[in-house]
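Here the structure comes first, spelled out in structure tokens, and everything after it is commentary.
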Amino acid sequence: MNVLRHLPDGQTLVKRLSRGGPDYPRMTANDLDMEFEYVRHLYRALRQIGLVTEYEGSTIKSTERKLKPKDETHRKHTYYVTTDRGEGALRQLTE
Numbered sequence: 056m057n058v059l060r061h062l063p064d065g066q067t068l069v070k071r072l073s074r075g076g077p078d079y080p081r082m083t084a085n086d087l088d089m090e091f092e093y094v095r096h097l098y099r100a101l102r103q104i105g106l107v108t109e110y111e112g113s114t115i116k117s118t119e120r121k122l123k124p125k126d127e128t129h130r131k132h133t134y135y136v137t138t139d140r141g142e143g144a145l146r147q148l149t150e
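Residues 56 to 150 in the numbering used here are what the sequence shown lists, from first letter to last.
Structure (structure tokens):
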């Protein structure tokens, strides 16, 4: 919980995952106007302390990507979701 109190961007990411479900670092960075490497580092740090975990997303085919179609047939991202511990820490912060 101290991490979320003292790391505002970490709190932002955990709240985003809690509300929006699985997400991957590049999309988060684009949506929040943050640097990709910084967001990726935050996700890894939050995973190490148990507030988020990796979620294996489905394979993304080029026909399913409506915003930015890719040349390759499919692409796999590493998605992240909040853990029960992360959800509990968010609840404690809002009380």
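Ideal Cβ placement from N, Cα and C applies to all residues, glycine included.
Local conformation of residue i per DSSP, three classes
i       : result
Asp-88  : coil
Tyr-110 : strand
Thr-137 : strand
From the options, residue whose alpha carbon lies closest to that of residue i
i       : options                            : result
Arg-81  : Thr-108, His-96, Arg-74 and Ser-73 : His-96
Asp-86  : Tyr-110, Leu-68 and Leu-148        : Leu-68
Glu-142 : His-61, Asn-57 and Lys-70          : Lys-70
Straight-line gap, residue i to residue j (C-alpha atoms, nearest Å)
i       : j       : result
Pro-63  : Pro-77  : 20 Å
Ala-144 : Leu-59  : 8 Å
Tyr-135 : Glu-150 : 25 Å
Thr-83  : Met-89  : 8 Å
Arg-140 : Phe-91  : 25 Å
Gly-105 : Thr-138 : 7 Å
Val-107 : Thr-133 : 12 Å
Arg-28  : Tyr-110 : The displayed coordinates of the chain run from 56 to 150. Any statement about residue 28 would go beyond what the structure contains.
Residue i burial status per 10 Å Cβ neighbour count (16 or more: buried)
i      : result
Gly-75 : exposed
Tyr-93 : exposed
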